[in-house]
Each structure stands twice: as structure tokens, then as C-alpha cells.
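Undergrad: Mind looking over this structure? Questions follow.
Residue numbers (the UniProt record's numbering), protein chains in the order written: chain A, 1 to 69; chain B, 1 to 69; chain C, 1 to 69; chain D, 1 to 69; chain E, 1 to 69; chain F, 1 to 69.
Here it is in C-alpha cells:
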């Protein structure tokens with residue numbers, strides 16, 4: 001039954017990495033709460049860095065600043 | 001006032017199908033809870049099959065396996 | 001596969017109404033997109049009227065105003 | 001700690017407007033709840049007008065109707 | 001049309017503070033994107049500190065550690 | 001930056017289990033995507049079995065049926 005939504009910035013997450021996230025979360029829910037593997041849904045949403053804000057700034061700007069420093 | 005979010009895999013849902021989903025859900029909320037048609041919002045999110053996991057697998061892989069069997 | 005989240009104000013929705021919403025949405029997705037009944041998840045969240053805002057006001061205040069008029 | 005999700009229709013929101021939304025919401029949470037600027041996350045999701053329904057209609061159709069009137 | 005979801009830890013947010021958040025966000029969307037006041041929905045969800053994790057810890061534990069230091 | 005939302009049915013998940021879920025997901029995102037531990041947020045929402053539908057039925061009814069069989 002669990003439903004997991006993972007939001008990350010859109011940074012070229014590979015197919016293989018998505019597979020590891022999906023399997024890892026599903027296994028974790030099995031191990032911790034004994035949830036049925038075949039009823040666990042996971043959705044990965046990839047958010048543009050311009051559309052994600054932290055500390056009042058867009059992630060794009062945070063990263064530019066960090067690259068300059 | 002209701003807010004409905006429908007997540008489905010990105011499989012070429014047509015405009016007409018989206019219209020039927022929106023009208024159907026809005027009518028359902030009117031029929032069951034007498035909710036105001038003009039205050040019911042519906043958002044349809046279409047998720048890449050690579051980004052949706054079920055039973056620890058990506059939907060893409062589940063479908064490939066099913067097509068082979 | 002579909003995952004549907006229905007947010008409504010917390011107004012004493014009965015068990016039977018929840019059942020009708022769940023069945024109705026699941027049937028709609030079957031009818032429109034031929035989705036597998038047994039893979040369709042629906043979550044109903046009931047939000048306190050104080051925690052839902054529309055037009056800059058809390059629903060509680062909107063309703064009080066409407067009741068006085 | 002706050003996490004804010006802003007869903008708007010995909011209408012060409014500019015980078016600068018996204019920045020103002022992110023800063024504005026983060027400042028609001030600081031002012032009202034004294035939340036730590038650097039722990040406040042904001043995600044802006046832009047939804048296709050075909051995928052957003054109001055009053056049983058797709059926003060696309062609502063806008064077309066309004067433009068004709 | 002905008003739909004805003006604000007998740008904060010459940011720390012006794014007052015009615016008045018919720019009202020200020022709702023009005024503030026709605027005004028911000030009016031100012032920045034000229035969105036219709038009467039179509040902007042805001043939902044505030046209050047999450048138990050045990051149910052919110054940051055840096056691999058529950059907020060409850062983070063706060064206990066901070067209170068001791 | 002990642003934000004993870006885990007929805008499970010409200011079945012008396014213990015504090016310790018929540019802690020293991022939070023740590024496990026945060027570690028997984030570190031291992032797979034090298035995400036910063038201290039920027040990873042996890043929210044666990046516990047949904048009443050009456051409010052969660054699968055296959056057109058409320059989880060409560062599914063469980064009652066399973067217990068009788």
C-alpha cells in the first residue's frame with residue numbers, strides 16, 4: 001500500500017539510478033514495516049533547478065554562487 | 001473546494017480522455033458530496049514509466065517483461 | 001497504476017461517501033483509460049476548514065460570512 | 001523546515017517571477033512563523049492548461065470561451 | 001487557478017497565523033503573476049515532528065539535541 | 001535538496017520505525033545520488049484505512065475480507 005514520492009532536482013538522473021532508488025525504497029518499506037512489495041508505488045519527480053527554491057533563492061543561483069566561490 | 005490530483009503513467013492520454021476524467025471526477029464530487037462544480041480543481045500529472053516504480057521495478061521493465069511473456 | 005489524491009474540507013464525510021468516491025474514481029479510470037482496477041490507489045485527505053484558504057480567506061470565515069448573509 | 005509546493009498553469013512564468021515567488025513565500029514564512037530561511041524549500045510546478053480542470057472543464061477550453069466572449 | 005500546499009511542523013500554528021499565511025501567499029500570486037484572488041487555493045498541512053525527517057533524523061530528536069546544547 | 005513523501009496506512013507505526021524509514025531513505029539518496037544528508041527532507045503521512053482505496057474498495061474492507069478468508 002505505501003506510496004512514495006521522491007522529488008529531486010532535474011540533474012540527469014540515470015535510468016539505473018532511478019531503478020536503485022525504486023528498489024531501495026521498496027525494500028526499506030518491506031524491511032521496516034513488512035509492506036507488500038507488489039503494492040508499493042514509488043514516483044520520482046525531477047524538478048527544474050529554476051523551479052526549486054531554498055533559503056529564498058533558486059537552486060540555479062545557489063549553484064552558480066557555489067561554483068564561483 | 002475539492003482538489004484532486006490524478007497521477008498516471010505518460011502513455012499518450014488524449015485531450016478528450018483528460019476532459020472525460022476532469023468532468024467525471026467533478027461530477028462524482030457533486031453527486032457524492034454536493035460539492036460546488038465551480039470550486040472543484042483537478043490536476044492530471046503524467047509520469048514517465050521510468051519514473052514510476054511498482055514492486056521494486058520500473059514500470060518500463062514491468063511492461064517489457066509482460067510483452068515478452 | 002493510477003494514484004489519485006482527493007483533498008476535501010473536513011466536514012464529516014461518511015464511510016459510505018468515501019466508499020462511493022473511491023469506487024467512482026477507480027471505475028472512471030477503468031472506463032476512460034482502461035486502467036487495472038487492482039492497481040488504482042485513491043487517498044482521501046480531509047483538511048480542517050481553518051487550514052484551507054480561498055480568495056485569501058480561511059474557509060471557516062467564508063462560511064461564517066455566507067451563513068450571516 | 002517548511003515545504004511549499006506552488007502549482008500554476010504553464011503560462012511562460014519567467015525566471016524572475018519564479019525568483020520573486022520563492023523569495024516572497026520564504027520571507028512570508030519567516031515573518032509569520034519565524035521559520036529558518038535556510039530550511040525553507042519551495043517547489044513550483046507548471047501544469048499544462050489541458051491537464052488542469054476547473055468546474056468540469058479544461059483550463060484551455062475555459063480560456064478559449066472567455067476569449068470569444 | 002494556483003494551488004499552494006504549505007507543509008510545516010505541527011507546532012501550534014494559530015488561526016491568525018494561518019490567516020496571514022493564506023492572505024500573504026494569495027496576495028503574492030496576485031502581485032507576481034496577476035492571478036485571480038478568488039481562484040487561488042491554499043492548503044496548510046501540519047506534520048508531527050516525529051513524522052518529519054531532516055538529515056536522517058526526526059525533527060523531535062534534532063530539537064532535543066539543540067535544546068541540550 | 002531531495003524531498004520525500006511516504007504515505008502509509010495509519011497502523012500504529014512506531015517512533016523507531018519512523019526513524020529507520022527517515023534514515024534509510026536519506027542514506028539511499030546519499031548512496032545513489034550523492035545528495036547532501038542535511039538537505040534531505042522526509043515527510044511520513046499516515047492515512048486512515050477508511051481513506052485509502054485500492055481496487056475500488058476501502059483498505060478497511062479489504063482487510064476485513066482477508067481476515068474472514
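Where a beta carbon is used, it is the ideal one built from N, C-alpha and C, also for glycine.
Could you say if the segment 50-59 of chain F and the segment 35-49 of chain C meet the contact criterion of at least three C-beta pairs nearer than 8 angstroms?
TA: In short, these stretches touch, since the Cβ pair count reaches three.
Undergrad: Once the 5 residues before and after residue 51(E) are set aside, which same chain residues still bring their CB inside 7 angstroms of it?
TA: Within the same chain, residue 51(E) has no close Cβ partners at all.
Undergrad: Can you tell me the Cα-Cα spacing of residue 44(D) and residue 11(F), whole angstroms?
TA: Looking at the two C-alpha atoms, the distance is approximately 32 angstroms.
Undergrad: Look up residue 60(D) in the DSSP assignment and give the residues it is bridged to.
TA: Looking at the DSSP output, residue 60(D) shares a beta bridge with no other residue.
Undergrad: According to the Cβ coordinates, are residue 8(B) and residue 6(C) closer than 9 angstroms?
TA: no
Undergrad: If the cut-off is 9 angstroms on Cβ atoms, which residues from the segment 28-55 of chain E count as contacting chain B, listed in chain order?
TA: For the segment 28-55 of chain E, the set of residues with a beta-carbon nearer than 9 angstroms to any beta-carbon of chain B comprises 39, 41 and 43, in chain order.
Undergrad: What are the start and end residues of each continuous beta strand (DSSP E) run of 3 or more residues lying completely inside the segment 12-51 of chain E, in chain order?
TA: 41-47
Undergrad: What's the call for residue 68(B), buried or exposed, on a 16-neighbour Cβ count within 10 Å?
TA: So residue 68(B) ends up on the exposed side.
Undergrad: Shorter than 9 angstroms from the beta carbon of residue 61(E) to some beta carbon of chain F?
TA: yes
Undergrad: In chain order, what residues of the same chain lie with their CB nearer than 8 angstroms to the CB of residue 18(F), ignoring the 5 residues before and after it?
TA: Cβ neighbours of residue 18(F) beyond the five flanking positions: 44.
Undergrad: Determine the direct distance from the alpha carbon of residue 49(B) to that of residue 61(F), and round the result to whole angstroms.
TA: 30 angstroms
Undergrad: Can you name, in chain order, every residue of its own chain whose Cβ lies under 7 angstroms from the Cβ of residue 26(E), other than the five neighbours on each side?
TA: 37, 40 and 42
Undergrad: Between which residues of its own chain and residue 93(D) is the CB-CB distance below 6 angstroms, once the five residues before and five after are set aside?
TA: There is simply no residue 93(D) to check, as chain D begins at 1 and stops at 69 in what is shown.
Undergrad: Against residue 58(A), what residues of chain D qualify as contacts under a CB-to-CB distance less than 8 angstroms, listed in chain order?
TA: 15, 18, 19 and 22
Undergrad: Should residue 32(E) and residue 21(D) be called a contact, given that it needs their Cβ atoms to be closer than 9 angstroms?
TA: Yes, they are a contact pair.
Undergrad: Would you please verify whether the beta carbon of residue 26(C) is less than 9 angstroms from any beta carbon of chain F?
TA: Closer than 9 angstroms to some Cβ of chain F, the Cβ of residue 26(C) qualifies, so yes.
Undergrad: Leaving aside the five residues before and after residue 47(F) along the sequence, list all residues of the same chain whose C-beta is less than 8 angstroms from its C-beta, in chain order.
TA: Excluding sequence neighbours, residue 47(F) sits near 7, 8, 9 and 10.
Undergrad: Just how far apart, CA to CA, sit residue 23(B) and residue 16(B)?
TA: 11 angstroms
Undergrad: So, does the CB of residue 5(A) fall closer than 9 angstroms to a CB anywhere in chain F?
TA: Residue 5(A) counts as touching chain F.
Undergrad: Leaving out five residues before and five after residue 65(B) in sequence, what residues of the same chain have Cβ atoms less than 6 angstroms from its Cβ?
TA: none
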